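Inspection log for the structure reproduced underneath, given as structure tokens.
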Amino acid sequence: MQYPPEQDLSRFQQKINFTVEGITTPKVVTFKTLQTLGDFVALQNSFTKEFIPYRLDQVTESNFWTLPISGTSLLTDGNVRFVQDQNQQTYITFSNQEATSKTLNFNNPGLLRPSVLKMTLAPETQTPKSVTIRAILPGESQWSTILNKVPFRNTLSFPQIQPKQLEIEFETNNLLRLAELEWTTTNPALVKSQQISFYAAEGDSFILFTQPSFGQNRITSAVDSPTRKELNTPVFNLPPAMENPIYDRDFDKDGIFDSQDLCPRVTDPSNADTDKNGKGDACEDPDQDGYNSIEDNCPYVSNRDQLDSDRDGLGDKCDDTEGRLSEQSDWWINLSFGVMIIALLFLMGRSAWPKVKPKNK
40 MQYPPEQDLS RFQQKINFTV EGITTPKVVT FKTLQTLGDF VALQNSFTKE FIPYRLDQVT
100 ESNFWTLPIS GTSLLTDGNV RFVQDQNQQT YITFSNQEAT SKTLNFNNPG LLRPSVLKMT
160 LAPETQTPKS VTIRAILPGE SQWSTILNKV PFRNTLSFPQ IQPKQLEIEF ETNNLLRLAE
220 LEWTTTNPAL VKSQQISFYA AEGDSFILFT QPSFGQNRIT SAVDSPTRKE LNTPVFNLPP
280 AMENPIYDRD FDKDGIFDSQ DLCPRVTDPS NADTDKNGKG DACEDPDQDG YNSIEDNCPY
340 VSNRDQLDSD RDGLGDKCDD TEGRLSEQSD WWINLSFGVM IIALLFLMGR SAWPKVKPKN
400 K
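When we follow my numbering, the leftmost residue of the sequence shown carries the number 40, and every step to the right adds one.
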């Protein structure tokens, strides 16, 4: 699809494809990430190709981890994403037809080292009798019990581990509704995340273009206004970014990728660097006279006037005076040379003439 110049996406280095799942009505949603998005982004509806107005924030918060949920006991309501959306208004409901134990299983592909489990029950949910935490540790294939039937609390601490998998077991005879769950450490580090908020409906798919390079214009939407966030705005995690397939790696179109181009904004196929300082001649001004070396008639002598009296391509300030005199006077040199040639020919011709003896009187 061709985009008008003001909506060119070729200078965004990465993109993220994602779908909104887990909301019941259209509303403002927030997606966050520890990845670098950039000072501005472009948010496009995957189906309509329309650009969506958004609000981009940088937030400093305690680090916590969203681990992939690999399995649960039978659920009667909700989506497993609800327990990791930072929205206490959404929750999952476990079936009450099973035994008194309800379980959640997690994978830990990054081998993070949790030591704290934080949990929030949905409103009007009775507290479970106990909680058990199990883990499969690296090099093992059996479950190890980390906490065994401890009383339920919103925050449970345990020795720091590096599990491959985790399991939480709740013991309760009552209906169990779980709103939020997160893994973290005893003294979580403060991390900076970027959050993008926008209006969406369940099932909407988007492409988020991120990490704009120099020369990328801001993408405007039909409605260019900030999105207002509410306290109960659901928060989701953005998936990993991928390379933007239409990313233009050569801004100045000189055949050299920006990553190797010593002057990425100035066309210079030679990529020359005479003084070997890592900056190309085409965009370097060592004498600080306002002219880059490639166009400066005295690259290493400051001459803002660029005066070149003899028009030989060398500025007067770095051109030899005698050389300038001869160059300025090449017309009389040529004239003199021509006269000398004519004179020489005349003399040579005269010497070849036959001598005529004078007549005797």
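Ideal Cβ positions, reconstructed from N, Cα and C, are used throughout, including at glycine.
Bear in mind that the values here come from a model prediction, so they are computed numbers and not experimental data.
Counterpart residues of residue i in DSSP-defined beta bridges
{"i": "Trp182", "result": "Beta-bridge pairing links Trp182 to no other residue."}
{"i": "Asn283", "result": "Answer by DSSP bridge pairing: none, since Asn283 is not bridged."}
{"i": "Gln299", "result": "Paired residue(s): none; Gln299 is not in a bridge."}
{"i": "Leu229", "result": "Ser101"}
{"i": "Gln234", "result": "Lys71 and Asp96"}
{"i": "Val189", "result": "Val170"}
{"i": "Leu346", "result": "Partner(s): none; Leu346 has no beta bridge."}
{"i": "Leu247", "result": "Ile55 and Leu82"}
Range covered by the beta strand (DSSP E) that runs through residue i
{"i": "Pro112", "result": "In the sequence on display, residue 112 carries Ser and not Pro. Careful: Ser112 lies outside any beta strand (DSSP E) and carries neither H nor E."}
{"i": "Val274", "result": "Val274 to Asn276"}
{"i": "Phe401", "result": "Residue coverage of the chain in this structure runs from 40 to 400, which leaves residue 401 outside it and unanswerable."}
{"i": "Asn56", "result": "Phe51 to Thr58"}
{"i": "Thr63", "result": "Where Thr63 is concerned, there is no enclosing beta strand (DSSP E), given that its DSSP letter is neither H nor E."}
{"i": "Ser169", "result": "Ser169 to Ile175"}
{"i": "Phe209", "result": "Gln204 to Glu210"}
{"i": "Leu217", "result": "Arg216 to Thr223"}
{"i": "Gln36", "result": "No answer is possible for residue 36: it lies beyond the span of the chain, which begins at 40 and ends at 400."}
{"i": "Asn118", "result": "Neither: Asn118 is in no beta strand (DSSP E) and is coded neither H nor E."}
{"i": "Asn256", "result": "Segment: none, Asn256 is in no beta strand (DSSP E) and carries neither H nor E."}
{"i": "Gln83", "result": "Ala81 to Asn84"}
Three-state class that DSSP yields for residue i in the structure shown
{"i": "Lys356", "result": "helix"}
{"i": "Lys141", "result": "strand"}
{"i": "Ala240", "result": "coil"}
{"i": "Val155", "result": "strand"}
{"i": "Leu195", "result": "strand"}
{"i": "Arg94", "result": "strand"}
{"i": "Met379", "result": "helix"}
{"i": "Leu48", "result": "coil"}
{"i": "Leu150", "result": "coil"}
{"i": "Ala422", "result": "The chain is shown only over 40 to 400; residue 422 falls outside these bounds and no answer can be derived."}
{"i": "Arg363", "result": "Caution is warranted here: a pLDDT of 49 is assigned to Arg363, below 50, making its placement in the model unreliable, and no coordinate value can be reported."}
Among the options, the one whose alpha carbon lies nearest that of residue i
{"i": "Lys188", "options": "Glu241, Thr139, Lys203 and Ala382", "result": "Thr139"}
{"i": "Tyr402", "options": "Arg257, Glu241 and Pro190", "result": "The chain is shown only over 40 to 400; residue 402 falls outside these bounds and no answer can be derived."}
{"i": "Lys203", "options": "Phe90, Pro177, Glu219 and Thr194", "result": "Pro177"}
{"i": "Ile91", "options": "Asp243, Pro338 and Glu179", "result": "Asp243"}
{"i": "Gln97", "options": "Thr87, Ser85 and Thr69", "result": "Thr69"}
{"i": "Phe209", "options": "Glu282, Ser101, Ile200 and Leu220", "result": "Leu220"}
{"i": "Leu156", "options": "Glu163, Val170, Lys66 and Arg267", "result": "Val170"}
{"i": "Cys288", "options": "Phe296, Lys356 and Leu346", "result": "Inspection of the sequence shows that residue 288 is occupied by Arg rather than by Cys. Selected option, being the one with the closest Cα: Phe296."}
{"i": "Gln125", "options": "Asn271, Val378, Pro65 and Ser101", "result": "Asn271"}
{"i": "Ala218", "options": "Thr224, Val122, Phe253 and Pro308", "result": "Val122"}
{"i": "Pro338", "options": "Asp314, Asp349, Ser348 and Arg350", "result": "Asp314"}
{"i": "Lys292", "options": "Phe103, Asp307 and Asp359", "result": "Asp307"}
{"i": "Pro107", "options": "Ser298, Ala81 and Asn276", "result": "Asn276"}
{"i": "Gln53", "options": "Asp347, Ala280 and Asp312", "result": "Ala280"}
{"i": "Phe145", "options": "Thr166, Arg173, Leu160 and Gln127", "result": "Arg173"}
{"i": "Thr223", "options": "Ser252, Tyr238, Ser236 and Gln199", "result": "Gln199"}
{"i": "Ile175", "options": "Thr159, Lys168 and Gln201", "result": "Gln201"}
{"i": "Leu163", "options": "Leu195, Leu143 and Gln128", "result": "Residue identity check: residue 163 is Glu in the sequence provided, not Leu. Answer by Cα proximity: Gln128."}
{"i": "Ala81", "options": "Ile235, Leu247 and Pro65", "result": "Leu247"}
Residue i at chain C interface by Cβ criterion, 8 Å
{"i": "Tyr286", "result": "Included in the structure is just one protein chain, with no chain C present."}
Does the region 49-64 touch the region 209-222, meaning 3 or more C-beta pairs lie closer than 8 Å?
no
Three or more C-beta pairs under 8 Å: does that hold for the region 104-123 against the region 63-82?
no
The region 181-196 contacting the region 145-153, beta-carbon criterion three pairs below 8 Å
These segments do not touch.
Inspect the CB distances between the region 191-207 and the region 47-56 and report whether three or more fall short of 8 Å.
no
Is the region 228-235 close to the region 128-135, with three or more CB pairs under 8 Å?
no
Three or more beta-carbon pairs under 8 Å between the region 105-112 and the region 300-319, yes or no?
no
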